[in-house]
Structures are given as structure tokens and as C-alpha cells.
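Engineer: Residue numbers (our numbering), protein chains in the order written: chain D, 317 to 772; chain C, 317 to 772. Just so it is clear, CB atoms sit at the ideal spot from N, CA and C, and this is done for glycine as well. Before I ask anything, here is the structure I am working with.
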């Protein structure tokens, strides 16, 4: 049978090569359904091999369902073992902008590769046999304790390690809390508008309906919560995304009072609180009301999103349902982070980052004032992004498109809103992943794009 | 105010220490709601410090919501900033049995720490800046390609890297497929009975109702699928869990025909197919019908569960919905696995493991025949577990309990069934994680437990 002979590879034992040749011929359609295969004796003679090898190959393919063999009628290609399409080449990842002023990424150049490699090696060396098995629900006790200590010391949180759940990031943690709320009968979750659209989408994916609540210079309009059919709210108290507002003290109090009154839950998205430049960080809302707040954080902004490591601290009643839904972080990475937190390496890295980001922010703000003097800049006290108001009548989508043509990525403020607001056009600029030396060029391109859009 | 002075720590700047002392006093209930704090001038005098430090501390706590400050009425502990319980010490992990003959774990001693450390280091060194950002949906293209190549070569699968989704393990992958089925309107999923209870539970967590379908020596009773109100089925064709049956060729064909007829989907759980001792591994069901089968696998049995790395290969229509639900594996670990697969290190490791497991299985079967001669042993051709029939009238739960008292973990076959079957008492013995030298002692304890249970 020529189709088999011509497809016989040269690697491995002959029976396996015969099986592969026949399998491939069936898949490619060269051997069609119902085709009678040569008797083993004949094919062995054709191939100049033992009959045993052919029998083995046929048996294998019968076992796999490609062939069927009936006493007295020989071996045929089974009906249903049809041809399948050939593999298409793997797709290429999305193009990376030459200059990235869009929010979401920290400075990937600053990832402490050597320190992380050391922590990983230490973790691998120190891992017990049990540590190599299935990670315990909620994460490794050592990391839970390290995170609890860190959040208590640095974020003014009230954390029992037993209430910490290790996650694969903030979105994972928030989605797990949202899923637990859905399981408990919640159907709607208040979210800030504007807010982080990808998180909103992830929440919607749990079956929860996001209910937008406005934001002003004092953060989420907590008074509006009472009028909504919700008993849970997602809030960014330390640094509202994207406006940069800090939730004002009276709003913090109002949020907690509301949660108590409706017997509800606040989800605190503490996504970039580590970076506050002009005053001390504000402690978490969770520290104020640990029984009413689930606190979600991660190392995506402080180390790298690639690590997929985060946490959520929950009131005790929510811990088990959240653990059942949270993603599972690799255990060796959990141990590496515990080592990095406990050794002080994490705190040292944060101090370095904070200085670098503050300098970059200052440079960016200065460039923006110089080249876009009419455009107000806000939300600069903390985090890795700021917002820029555009002149009335300038379409942000057009600015984004023109800048993209020059290799610069920026974000339209409207993409954070649940509905566009043409009366307040603006951009969100993330400076986490823009090299310092690229700041002047990026702002020059942006200013030109704004001028072009205004003229167009 | 004595409560503040006596709680003043000695680390850090004074204003932070004052803030911490006040915060802790409020949390512990020593400062109750509404309590008026001393004027900043007085407290500064008491503490012998500058008034500035006290003002800073009060401001911080007002910002955090612990205190409220009104012109003309001083600073008070805010209503609602109530005491919270003290942290309880972290819980200890569940005790590990001295001798582990329960199924689920591979040989954790065999984890190739040095080779994995090398692959991790190589991955960290080779990772691009972009690789340190958020991992692309579905996983890193390099790992998807490596997995596709591996499954094509070794598991007779038909895999386009574009249809591979990297997961955090088989349960994650199966749950993602189940979730995608739920989103597409499926409400029920056929599962093998007996089967792996934790996977059943995870499926139920997606909102899917598992519908049990029986199993015999030829694997799942695929003829029974047609009578069920289901259009999707989870199956372990290579090595049924826990019976060890290989899905017979006519059943493979019947399963595919059924899936085509109902326009449905088969989920192939390929959890331990790498280990087959007495003949070549049977190719995947997916290879036979890539348009009708989602193939889930992981490295939990071949490397270590702690890595939380797996994959699911889906027909194109299911890939996007599954990716939206799959867990996110750490990207550096993804690159390390790609390196390990592509370098041949993985294949070498598998060969070593296969030899070791086969020898251990032989030793275990020999000991069982010697010490429990009346008890039939089945499912030994592959995988890391086997089943043992118990004499009629012996309660497996009692055997499990008596063995546990001697430090030996074994599994009751009933715990894999959706309903206990007292007419067919049996045990599932996993030999993955039992050291070779412990085999005689483990079987001796087991035999004694069976005798005691039979006598009791």
C-alpha cells in the first residue's frame, strides 16, 4: 500500500512508524472511511518487515478507534475516523507599542530578576516533600503569614493569616469574592464609574451585574449607594482608578456605615497603594472595618504581572467560599514571595521603585505643563497613572488613534466610563512602563496629536 | 493619655508610632467610640514631643476613618471604628500520613529539583520585558507550541497550538470547559461512576449537574449516554479512575458517534496516561475526533502538583470561552516548562519515572498477592493506582479507619462512587507517593487491617 510506505518515518520502532503512517493517512483523508487495509502478511512483505510489527500497528489503531477489525472481513478504516484540518501556524502576540503611556503596567525593566531568582532558588531548596503536593486551599501558610504581616505593618490592615487567601492577582481575587457573593444570593455589585473596565468585565463574568456609582474629587459617591439595589460595592479608596482621587474620610465612614446598615460587603481594590509620593499612604478601609471589607491586592504593580500572585483578605464568613473560587498560584512561587517579603527584599525594592516613579511622574507632569499648558492634570499624588483633561471639542478617540500611528499608546478616559461623556474629554496616562528618557518624546507626540485632533 | 503612652512602640518616626498606638487602642477597645482625644498641644506635652508629630498622627487617623475632627469640638474616636477581635494564631496544615497508599499524588521524591531549577533560571534569563507583563489569554505561545508538539508526538493527539489553553491543572481545565458548557446552555454533564469525587465536586461548583454513568471492565458504559438528558460527557479513556479500565475500541467509537449525533462534547481527562507499563500507551480519544473532544492534562502526575501547570486542548469553537474561565499560570513557570519539554528533559524524566513506578507496582502487586491472597487486584496496567476487592462483608470504611490508626492512608472505593455499594467493597491504592522500601510494611498493615475488620 503505497500511501503507507511513502509516509513511513525513520524514527522509532517500526510498528510505531507504521501506526503513525496509517493514522496520518486517515487524518489527511488519503485513506478514506471504509477502506480495506492490506492483510498483515501482505503489508509485511511489501515493507520487508516482520508480520508482528504490522499486527502491532493495526492493533494499536484499532485500540485508538481509527481502524476496525472483523473476523472474516479484514481490517478497515473505521466509519467516523474522518480527516481533520491541518494545523495552522501559531499566531503572533499583539504588537507592543514603541512608547507605552497607557495605564496598567508597572516598570517591567525594574523587575528584580536577580533577587527573584535567589528567592526562587531558596524556595525550591527549602520546599518540603509535602510542599510539592497539591497546595492547601487558600495558599501556603508561610505566604499567608508573610502577607498578613506585610498588610498589618504597611497597609494598616487587620489581618489574621487564616483569613488570607492567596490568588493569582487582583482580578482573580475580586472575581472570587464576586462569585461568592453570587452564590450567597447577591445579584448586583456597585462599581465606581469611571473605573477599570477589565475588572468590571471580569465581575460581569461571574454572573454579577455591575451597578455604576459616580466618582468625584473625594472618591466614590458613597451617598449614592443607599439608593441602589445593592448590598456590596467595589471601591478603590487609596487611589481611585482612573481619577486618582483618595476616598475622603467622611466617605470612608459612610461606606462602612452603609455596609453595616445593609449587612453587606465592601471590596477594597488596593491595586497601587504602595506608591504614594507626597504624603504617607492612607491605611486601608479594611483596617477600619475588617468585618465588612474584603481587601484585594497583588504584586502585579510592585514586581510583575507575570508572577500571577496576589491575595484577598476576607471577613471570616467569606473566607471558605472565596477560597473555593480563587485561582491556584504555583506553590514554589508562593514560597519565593514569602521569602522575599520576610527577608525585607520586597520593602527595599518598593523604596527604590517609589523614588524612581516619583522622579518619572515629576518629569511627566513638567513636560505636560510645558507642551499642553491648557490641559489640567490630576491624580498625581499616588500610583502609576494620571489623567489629563482635553480641550473642549477634541475627541479623545482621535487623539488615541493619531498617537498610535506614531507608536504611542494612551488611553481614552471614556474607555473607563460605562457611557462616554463628550462634555469631559480626557486621557489616562500610565507612566509605569515608560522609560524615563522616553518621557519628552512621548509627550511631544501626544501634544502634536492633541493639536492635530483639535484642528481636524 | 496613658493608653497612648503605654502603647508607644520604639520603631519608626514618632508620628507613625503615635498613630499606631491610637489605632491599636481603638481596635482593642481600650479607646471606645466617641472618646475625646487630648488636644494636640496637651498630648505633645505629655509625650515630650513636638505638636507637629501629634497633629500628623491625628490627621492620618482622620484620613483612615478612626478619628473624626470637628472645629470647636476636638478630635474623637469615630462612631463605627469599633473593636475587632485579636488575630488567632495560624492553623497548622493537615497531618501527613506516615505511609501514603491513597491515590492522587505522584512520587514527590522524584521531582527533578535540579533540572527544574535550571529550566526556571533559563526562563527568567530568557524572558523578554513583554513576558513580564500580563500573560496572554490561553498562555504563552512558546508553551502552547511545546505542549502541542508533545501531545502530537506522545499522545497521538491532533493539536494546533492555537487551540491549547494553559491551565493551573486538570481540575482547572475541566472546570473551565464545564463553565463554558454552562454558558452555552448545558445544564448536565455525564460523569463516570465510580470516578474522581473532587473533580465531580469542582464540576458541580460551575453550576453543572453531574449525571453518573456506570463503568465496567471496558470503561464507561457509553451506550448509556444516549438515554441521558446530556450532550457532554467527562471520560478517562486511557485509564479509568479508579477501576483502571481502558476504554475499549468499540466504546471509543460509540462515544464519538454519540457526541456527533447529539452535537455535543467529550471531555477527556488524560490524568496519568504517561504511565503505561505492559504495552504502548493508547492514543487519545481527542486524536480520533478533535472536533468533538476537549483534552485535559497536566504535569501534576509527571512533575509535581505544586507547579500548578496544565493544559486543555479544545475544538476551535470552545477555545475562547474556555480561555476566559481558565486559571492563570505564572508566566515564568510556563516558560520553564516549555524549556523542559523542548529540551527533552521532560521525556527523559518520564522514562525514569516509568521504570521506577513499574518496579514499585510489581512489588506492591506481589505483596498484595502474598498477604491478601483472596483479594482480586485490578487496574494495574497503567497509572499510579490499582483497586483491591475486599472479602464480602468487610466494611472498607473500617479498614480505612484501622489502617489510619497505624499511620497508613488508603481510599475507600465507595468514596469514588456517587452512592455506596456494599455488595462490592473495595479499596483504591495509590502507589505514586509511597517509597519503595515502605511497600512491605504498608501492605502488612493493610492486611492486618482487613483481617481485623473481617473479624470485628
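At a Cβ threshold of 7 Å, is residue 649 of chain D touching chain C?
Structural biologist: Yes, contact with chain C.
Engineer: Does residue 401 of chain D come out as helix, strand or coil in the three-state DSSP assignment?
Structural biologist: Any reading at residue 401 of chain D needs caution, since the residue's pLDDT is 33, under 50, leaving its predicted position unreliable; the model's value is listed next. Coil.
Engineer: Could you run through the region 421-436 of chain D and flag, in chain order, every residue whose CB is less than 8 Å away from some CB of chain C?
Structural biologist: Against chain C - using a Cβ distance shorter than 8 Å - the residues of the region 421-436 of chain D are 421, 424, 425, 427, 429, 432, 433, 436.
Engineer: Could you tell me which of C:450, C:393, C:736 sits nearest to residue 514 of chain D, measuring between CA atoms?
Structural biologist: Considering only alpha carbons, the answer is C:450.
Engineer: Report, in whole angstroms, the separation of the C-beta atoms of residue 339 of chain C and residue 382 of chain C, which I expect to be a contact under 8 Å.
Structural biologist: Contact flag correct, Cβ pair sits at about 6 Å.
Engineer: When the Cα atoms are used, what is the spatial distance from residue 506 of chain C to residue 416 of chain C?
Structural biologist: Rounded to the nearest angstrom, the two C-alpha atoms are 31 Å apart.
Engineer: How far does the alpha helix (DSSP H) with residue 756 of chain D in it extend, from its first residue to its last?
Structural biologist: From DSSP, the alpha helix (DSSP H) with residue 756 of chain D extends over 755-771.
Engineer: Spatial neighbours of residue 406 of chain C within its chain, please: CB distance less than 7 Å, with the 5 preceding and 5 following residues excluded, ordered by chain position.
Structural biologist: Because the pLDDT of residue 406 of chain C is 35, which lies under 50, any placement of that residue in the model is unreliable, and the number read from its coordinates should be weighed accordingly. So the list is empty, once near-sequence residues are dropped.
Engineer: Which chain C residues sit within Cβ distance under 8 Å of residue 784 of chain D?
Structural biologist: No information on residue 784 of chain D is available, as it lies outside the stretch 317 to 772 that chain D covers here.
Engineer: I need the boundaries of the alpha helix (DSSP H) containing residue 526 of chain C, first residue and last residue.
Structural biologist: That residue, residue 526 of chain C, is in no alpha helix (DSSP H); its beta strand (DSSP E) goes 525-532.
Engineer: Please confirm if residue 622 of chain C has its CB atom under 7 Å from at least one CB of chain D.
Structural biologist: It does; some Cβ of chain D falls within 7 Å.
Engineer: Does residue 466 of chain C have its Cβ less than 7 Å from a Cβ in chain E?
Structural biologist: Annotation note: the requested chain E is absent from the structure, which comprises protein chains D and C.
Engineer: Closest Cβ-Cβ distance between residue 573 of chain C and chain D: below 7 Å?
Structural biologist: It does; some Cβ of chain D falls within 7 Å.
Engineer: Looking at C-alpha atoms only, which residue of D:361, D:376, D:357 is the closest neighbour of residue 337 of chain D?
Structural biologist: Considering only alpha carbons, the answer is D:376.
Engineer: Report back the beta-carbon spacing between residue 481 of chain C and residue 368 of chain C to the nearest angstrom; my notes put them in contact at under 8 Å.
Structural biologist: Contact doesn't hold; Cβ gap of about 57 Å is too wide.
Engineer: Quick one: Cα of residue 409 of chain D to Cα of residue 636 of chain C, how far?
Structural biologist: Interpretation of residue 409 of chain D is limited by its pLDDT of 41, a score under 50 that renders its predicted location unreliable; no figure is taken from the coordinates.
Engineer: Distance check for residue 448 of chain D and residue 348 of chain D, CA to CA, integer angstroms please.
Structural biologist: Each residue's alpha carbon lies about 47 Å from the other.
Engineer: For the region 749-760 of chain D against the region 524-531 of chain D, are there 3 or more C-beta pairs whose distance is under 8 Å?
Structural biologist: Result no; under three Cβ-Cβ pairs closer than 8 Å.
Engineer: Taking three-plus beta-carbon pairs below 8 Å as touching, is the region 647-667 of chain C in contact with the region 611-626 of chain D?
Structural biologist: Yes, they touch.
Engineer: Please state whether DSSP places residue 600 of chain D in a helix, a strand or coil.
Structural biologist: It is coil, neither helix nor strand.
Engineer: Would you verify that the beta carbon of residue 484 of chain D is, or is not, closer than 7 Å to some beta carbon of chain C?
Structural biologist: Yes, because at least one Cβ of chain C sits closer than 7 Å to the Cβ of residue 484 of chain D.
Engineer: Determine the direct distance from the alpha carbon of residue 388 of chain D to that of residue 550 of chain C, and round the result to whole angstroms.
Structural biologist: The straight-line gap from Cα to Cα measures roughly 35 Å.
Engineer: Rounding to the nearest angstrom, what Cα-Cα distance links residue 683 of chain C and residue 453 of chain D in this structure?
Structural biologist: If you take the alpha carbons of residue 683 of chain C and residue 453 of chain D, they lie about 35 Å apart.
Engineer: Residues of the region 348-378 of chain D in Cβ contact with chain C at a cutoff of 7 Å, in chain order, please.
Structural biologist: Under the 7 Å Cβ criterion, the region 348-378 of chain D contributes 376, 378.
Engineer: For residue 604 of chain C, decide whether its Cβ has a neighbour in chain D, counting only Cβ atoms nearer than 7 Å.
Structural biologist: Yes, contact with chain D.
Engineer: Can we say the region 422-436 of chain D touches the region 550-570 of chain D, given the rule of at least three CB pairs closer than 8 Å?
Structural biologist: Taking 8 Å as the limit for Cβ pairs, the verdict is that the region 550-570 of chain D does not touch the region 422-436 of chain D.
Engineer: Please go through the same chain and pick out, in chain order, the residues whose beta-carbon is closer than 8 Å to the beta-carbon of residue 457 of chain C, but skip the five residues on each side of it.
Structural biologist: Once the five neighbours on either side are set aside, the close Cβ partners of residue 457 of chain C are 477.
Engineer: Give me the subset of the region 494-516 of chain C whose CB atoms are less than 7 Å from a CB atom of chain D, sorted by chain position.
Structural biologist: Taking 7 Å as the Cβ-Cβ cut-off against chain D, none of the residues of the region 494-516 of chain C qualify.
Engineer: Between residue 760 of chain D and residue 615 of chain D, what straight-line distance do the alpha-carbon atoms span, to the nearest angstrom?
Structural biologist: Each residue's Cα considered, the two are about 32 Å apart.
Engineer: Relative to the C-alpha of residue 463 of chain D, which candidate in D:687, D:723, D:663, D:677 has its C-alpha closest?
Structural biologist: The residue with the shortest Cα to Cα distance from residue 463 of chain D is D:663.
Engineer: Report the rounded CA-to-CA distance for residue 766 of chain C versus residue 688 of chain C, giving the unit in angstroms.
Structural biologist: Approximately 9 Å between the Cα atoms of the pair.
Engineer: Whole angstroms is fine: what's the gap from residue 685 of chain D's alpha carbon to residue 346 of chain C's?
Structural biologist: When rounded, the distance between both Cα atoms is 50 Å.
Engineer: Quick check on residue 694 of chain D: does DSSP put it in helix, strand or coil?
Structural biologist: Of the three classes helix, strand and coil, the one that applies to residue 694 of chain D here is strand, per DSSP.
Engineer: Out of curiosity, what's the CA-to-CA distance linking residue 436 of chain C and residue 654 of chain C?
Structural biologist: C-alpha separation (whole angstroms): 10 Å.
Engineer: State yes or no: is the C-beta of residue 563 of chain C within less than 7 Å of the C-beta of residue 553 of chain C?
Structural biologist: Yes, the pair counts as a contact, with Cβ atoms nearer than the cut-off.
Engineer: Return the chain-ordered list of same chain residues with a C-beta closer than 6 Å to the C-beta of residue 492 of chain D, the five sequence neighbours on each side being excluded.
Structural biologist: Closer than 6 Å at the Cβ level, and outside the excluded window around residue 492 of chain D, lie 638, 641, 642.
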